[in-house]
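Quick note on the numbering used here: the sequence shown kicks off at 513 and runs consecutively. Ideal Cβ positions, reconstructed from N, Cα and C, are used throughout, including at glycine. For clarity, every value in this text was computed on a predicted model and none was experimentally measured. Here's the structure we're looking at; comments come further down.
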Amino acid sequence: MKNIEVAMAFDEIADLLEITEGDPFKVRAYRRASQVLVNLPEPIENLVREGRLLDVPGIGKALAKKAEELVTTGKLQYLEDLRHKVPPGLLDFIRIPGVGAKTASTIYKELGIETVEELETAAKSGRLQKIRGMGEKKIQNILQGIETQRRHSGRVLLGIALPIAQGIVSDLYGVPGVTAAEVAGSVRRRKETVGDVDIVVASVKPDAVMERFVGLNGVREVIVRGETKTSVVFAGLGQVDLRAVAPDQYPAALQYFTGSKNHNVRLRGIAKQIGYKLNEYGLFKGDSDRSEHLEDEAAIYAKLGLGYIPPEIREDSGEIEAALERGLPTLLEVRDIKGDLHVHTRWSDGTASISEMADAAIKRGYEYIAICDHTKALGVTGGLDEDRLIRQGEEIRSLNEAYKERGIKFRILRGTEVDILADGTLDIRDEVLRELDIVVASIHTGMRQDPEIIHRRLEAAMQNEHVDIIGHPTGRLIG
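Structural data, given as structure tokens:
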């Protein structure tokens, strides 16, 4: 079981505890642990195997024991017990924007509503107004949240899907006879959210691949199992489709199942124009039933007279024309990232200290980070006022001096994520902001205001000479 899967289990426990017990301390402990696990720099399996889980900040004995049970068995009895206490629909409630655990619990206890469909009916019929504090605006927000949830139903955030899918690929690489394996589909194209997950494996022993696949810890249900294709429901992902192909078919299969559909249609059209047939089995000249030799995906594009098109831009949005003219852009790689200009720490709502964040950045090869904790208007995050910002700056100066003395070429920038208030002013005085290296200004309240009002707030913030960056300017939520 991977880090993200354990983190998701802890998040679900926190959700269930909010509904059943309401103990804020336990809820916060599981939420913090989930965040810590997501950001762990090494696989949790290693920590469990080597008995180092208790070395992780925020993981005590009780949490470590549960994490170990999840990693070693793929299940957690404590989580199963909590699930039995809560109608399944209530978890769907709290995933609706505008409905938290407290509201979900109240709606269930007072009206007996257990499903999203029942909730929508109650909101439209006026039944929800029977609950104290449930005004018209709150009800409209719930209805809007239900519609938002439906638009994203069945899709998983890339940040969740990618590490789980990569973990599956790693497991399959251990099967004898496997020569190559890769995540395909929208995950490989790095779409923001993904539906079904596609995996392609090259193997001379497809039966062994399928046997390992259906036996993985995360498999919740086998939808269909065949000799070369198997579909399962996988924890945290939904449907995962695995295809096992012969090694010589692998380049064509990987290209085909990566997509997109429109991109592939264009490629097949180009192939046809020059006397070829392209499909998931290979590239065939004329009526031949024997594919051209394809060393890799790049060979397919080369034979079609195209430069290699990276998966991330295979959307038929101009990439084929660019490839024909040898004008494809050079995509950014992780190695191109030199720093991070928006970092939170334990000074506000982060989970690590400034020095821990800096050390982690240095390990990643960064040259700088900017500490941009929340400010005082966002009280729920423990935001900093002017005095705390000044004190934080002293800590940053001290750390920078220490790095310089040790000959480490790394700099911590003094910054903040200042709040844009209702009138467009900022919640930190200008005389303090001018002393900072970087200022991010963001809207965190009044997100449902009229767009013209939001625009005026952003415009006013941008007119402040000390503001360098506007944080999340569209307020868009993905997933």
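Inter-residue spacing [alpha-carbon to alpha-carbon] between A811 and I821: If you draw a straight line from the Cα of A811 to the Cα of I821, it is about 11 Å long.
Pick helix, strand or coil for E704, following the three-state DSSP scheme. Of the three classes helix, strand and coil, the one that applies to E704 here is coil, per DSSP.
In whole angstroms, what separates the C-alpha of P536 from that of Q975? Taking the straight line joining both Cα atoms gives about 40 Å.
Inter-residue spacing [alpha-carbon to alpha-carbon] between I981 and A576: The alpha-carbon atoms of I981 and A576 are separated by roughly 39 Å.
Whole beta strand (DSSP E) runs in the stretch 690-769 with 3 or more residues, listed along the chain? Within the stretch 690-769, the complete beta strand (DSSP E) runs of at least 3 residues are 690-695, 709-715, 731-737, 741-746, 750-757.
Quick one, are the C-beta atoms of G919 and A934 less than 8 Å apart? Pairing G919 with A934 gives a Cβ-Cβ distance that is not under 8 Å.
Pick from V951, L948, T584, R960: whose alpha carbon is nearest that of N729? Selection V951, L948, T584, R960 evaluated against N729 yields T584 as nearest (Cα-Cα).
Please state whether DSSP places T887 in a helix, a strand or coil. The answer is strand: DSSP assigns T887 an E or B state.
Going by Cα to Cα distance, which pick from E581, G787, A673, R564 is closest to G471? An answer regarding residue 471 cannot be provided, because it is not within the stretch 513 to 991 covered by the chain.
To which residues of the same chain is I782 closer than 7 Å at the C-beta, ignoring the five residues directly before and after it? Excluding sequence neighbours, I782 sits near L816.
Which residue's Cα is closest to the Cα of V568: N551, E581, L582? A check of alpha carbon separations from V568 across N551, E581, L582 identifies N551 as the nearest.
So, with DSSP's three-state summary, where would you put L670? It is helical.
Quick one: complete alpha helix (DSSP H) runs, 4+ long, within the stretch 863-945? If only complete runs of 4 or more residues are kept, the stretch 863-945 shows the alpha helix (DSSP H) at 866-875, 898-917, 942-945, in order along the chain.
Please say whether L896 and W859 have beta carbons closer to each other than 8 Å? In this structure, L896 lies closer than 8 Å to W859 by Cβ.
For N653, which residues does DSSP report across the bridge? Residue pairing by DSSP leaves N653 without any beta bridge partner.
Neighbour-count burial assignment, L529, 16 or more Cβ in a 10 Å radius: Answer is buried; the Cβ neighbour count reaches 16.
With 16 other Cβ atoms within 10 Å as the buried cut-off, status of R663: Burial call: exposed.
State the beta-bridge partners of N558 as determined by DSSP. Looking at the DSSP assignment, N558 forms no beta bridge with any residue, so it has no partner.
Out of G748, V757, P759, E792, state which residue places its alpha-carbon closest to the alpha-carbon of Q767. Closest by C-alpha distance to Q767, out of G748, V757, P759, E792, is E792.
Candidates E533, E557, K538: which alpha carbon is nearest N515's? For the residues E533, E557, K538, the minimum Cα distance to N515 belongs to E557.
C-beta contact flag for L684 and R639 at 8 Å: For L684 and R639, no; Cβs fall outside 8 Å.
8 Å Cβ cutoff met for A613 and I531: Between A613 and I531, the C-beta gap is smaller than 8 Å, which places the two residues in contact.
Return the CA-CA distance between E807 and Y762, expressed in angstroms with no decimal places. Approximately 9 Å, taken between the alpha carbons.
Hey, could you find the ends of the alpha helix (DSSP H) H967 is sitting in? Start and end: 963-974.
Kindly give me the distance between the Cβ atoms of A720 and P759, rounded to whole angstroms, as I take these residues to be in contact under 8 Å. 14 Å between Cβ atoms; not a contact.
From D828, D871, I786, residue whose alpha carbon lies closest to that of P553: With distances taken between Cα atoms, P553 lies closest to D871.
Who are the Cβ neighbours of E626 in its own chain at under 6 Å, not counting the five residues just before and after it? The beta carbon of E626 is closer than 6 Å to those of P599, G601 in its chain, skipping five residues each way along the sequence.
Roughly how many angstroms separate the alpha carbons of G657 and R732, rounded to a whole number? Going by C-alpha positions, G657 is about 28 Å away from R732.
Measure from the alpha carbon of E699 to the alpha carbon of each residue in A714, K717, P675, then state which is nearest. As written in the sequence, residue 699 is Val, which differs from the Glu given in the question. For the options A714, K717, P675, the alpha carbon positioned closest to that of V699 is the one of P675.
Indicate the three-state DSSP secondary structure (helix, strand or coil) for H854 in the structure shown. Looking at H854 - three-state DSSP - the assignment turns out to be strand.
Proximity of E898 and R941 at Cβ, strictly below 8 Å: Contact flag set, yes.
Beta-carbon spacing of L631, I643 below 8 Å: Here L631 is not near I643, since their CB atoms are 8 Å or more apart.
Cβ shell of R540 (< 6 Å), same chain only, five flanking positions each side left out: Result list for R540: empty, nothing under 6 Å.
Taking only three categories from DSSP, how would you classify K789? Strand at K789.
Are the beta-carbon atoms of I883 and V855 separated by less than 8 Å? In this structure, I883 lies near V855, with their beta-carbon atoms less than 8 Å apart.
If distances are taken between C-alpha atoms only, which option among A634, R544, Q661, G748 comes closest to A864? Sorting A634, R544, Q661, G748 by C-alpha distance to the C-alpha of A864 places R544 at the top.
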